[in-house]
């Protein structure tokens with residue numbers, strides 16, 4: 001079956017599936033199955049100076065292909081990726097997408113320092129995961145934020161700012177990825193602070209629990225999902241012979 005043959009939604013309009021995957025430990029990195037990646041992905045995975053970064057990249061793209069293959073009912077190696085037009089200039093560097101799905105299947109991929117986050121939905125979605133920032137990073141980035149965000153962070157005790165900034169920044173990146181602009185749209189334009197009512201209209205932005213070393217968030221166009229799943233991809237699913245099964249919907253519990 002190819003993506004073009006879909007005749008029914010693979011994800012309900014009111015559902016959002018989130019997946020976390022951890023890069024394997026150093027002794028298990030060689031077990032990652034690169035066979036389903038294309039040449040560009042394999043070259044990119046091998047190009048990182050730090051082996052841990054290459055392992056995280058490989059983990060992310062193996063997980064993405066196997067997840068989308070499961071949703072679409074096709075071989076992970078055959079998942080047809082394209083770039084949508086940029087909403088700013090119309091160029092071919094907008095949001096990554098799966099080609100020729102009807103109805104559409106949207107996804108977003110993010111990875112940082114050993115952790116991967118994938119969002120899958122029937123509506124445009126953006127996902128972001130980042131390692132907890134250092135205090136210096138938060139201080140340097142503060143002037144680039146929306147004025148109200150700067151005021152919020154500035155009102156916090158200094159020791160609390162890095163964690164709050166990290167969560168704010170992942171919301172912002174998730175939203176901009178959902179729009180398809182990325183950081184070509186200035187980070188000072190949109191408010192993604194703690195006041196939910198002031199966030200951009202027409203989008204739902206949620207914080208995602210990602211462990212004690214990372215912040216994560218997801219942005220979904222439209223109303224909040226009524227079905228939200230958060231699952232971890234088992235390490236074995238990334239090795240030769242591994243597979244990922246789609247989850248059954250369940251209420252989101254934050255586990």
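Numbering (the UniProt record's numbering), first residue to last: 1 to 255.
Think of the CB as a built atom: it goes at the ideal place given N, C-alpha and C, for glycine as much as any other residue.
Bear in mind the structure is a predicted one, so any value in this text is a computation, not a measurement.
Taking residue i and residue j to be in contact with their CB atoms under 8 Å, please state how far apart those CB atoms are, rounded to whole angstroms.
i	j	result
residue 58	residue 125	Between residue 125 and residue 58 the Cβ distance is about 23 Å, and since that is not below 8 Å, they are no contact.
residue 193	residue 159	Not quite, the Cβ-Cβ distance comes to about 19 Å (not below 8 Å), so this is no contact.
residue 157	residue 135	Not confirmed; about 12 Å, so no contact.
residue 34	residue 239	At roughly 11 Å, the Cβ-Cβ gap does not stay under 8 Å, so residue 34 and residue 239 are not in contact.
residue 91	residue 108	Not really, about 19 Å apart at Cβ, beyond 8 Å.
residue 96	residue 81	6 Å
residue 117	residue 40	22 Å between Cβ atoms; not a contact.
According to the neighbour-count rule (16 or more other Cβ atoms, all chains shown, within 10 Å of its Cβ), is residue i buried or exposed?
i	result
residue 184	exposed
residue 47	exposed
residue 17	buried
residue 101	buried
residue 62	buried
residue 180	buried
residue 25	exposed
residue 87	exposed
residue 15	buried
residue 128	buried
residue 155	exposed
residue 201	exposed
residue 85	exposed
residue 10	buried
Can you list, in chain order, the residues of its chain whose CB lies under 6 Å from that of residue i, leaving out five sequence neighbours each side?
i	result
residue 146	188, 191
residue 204	220, 224
residue 5	Here the model assigns residue 5 a pLDDT of 38, short of 50, so the residue's position is not dependable, and the following value carries that caveat. If we look at residue 5 and ignore the five residues flanking it on each side, it has no Cβ neighbours.
residue 235	24
Please work out which residues of its chain come closer than 7 Å, Cβ to Cβ, to residue i, disregarding the five sequence neighbours upstream and downstream, and give them in chain order.
i	result
residue 246	70, 71
residue 114	22, 23, 52, 56
residue 131	112, 113, 213, 214
residue 244	66, 67, 70, 233, 237
residue 42	34
residue 174	126, 127, 128, 205, 217, 218, 219
By Cβ distance, which residues of its chain are closer than 8 Å to residue i, with the 5 residues on each side in sequence left out?
i	result
residue 150	142, 143
Is residue i near the ligand GDP, with its Cβ less than 6 Å from a heavy atom?
i	result
residue 56	With respect to the ligand GDP, the structure offers nothing, as it holds no ligand at all.
Report the residue ranges of all beta strand (DSSP E) runs contained in full by the region 172 to 238; include only those spanning at least 3 residues, in chain order. 203 to 207, 214 to 221, 227 to 232
As an exercise, report each continuous beta strand (DSSP E) stretch of at least 3 residues that is fully enclosed by the region 52 to 108, in chain order. 81 to 83, 96 to 98
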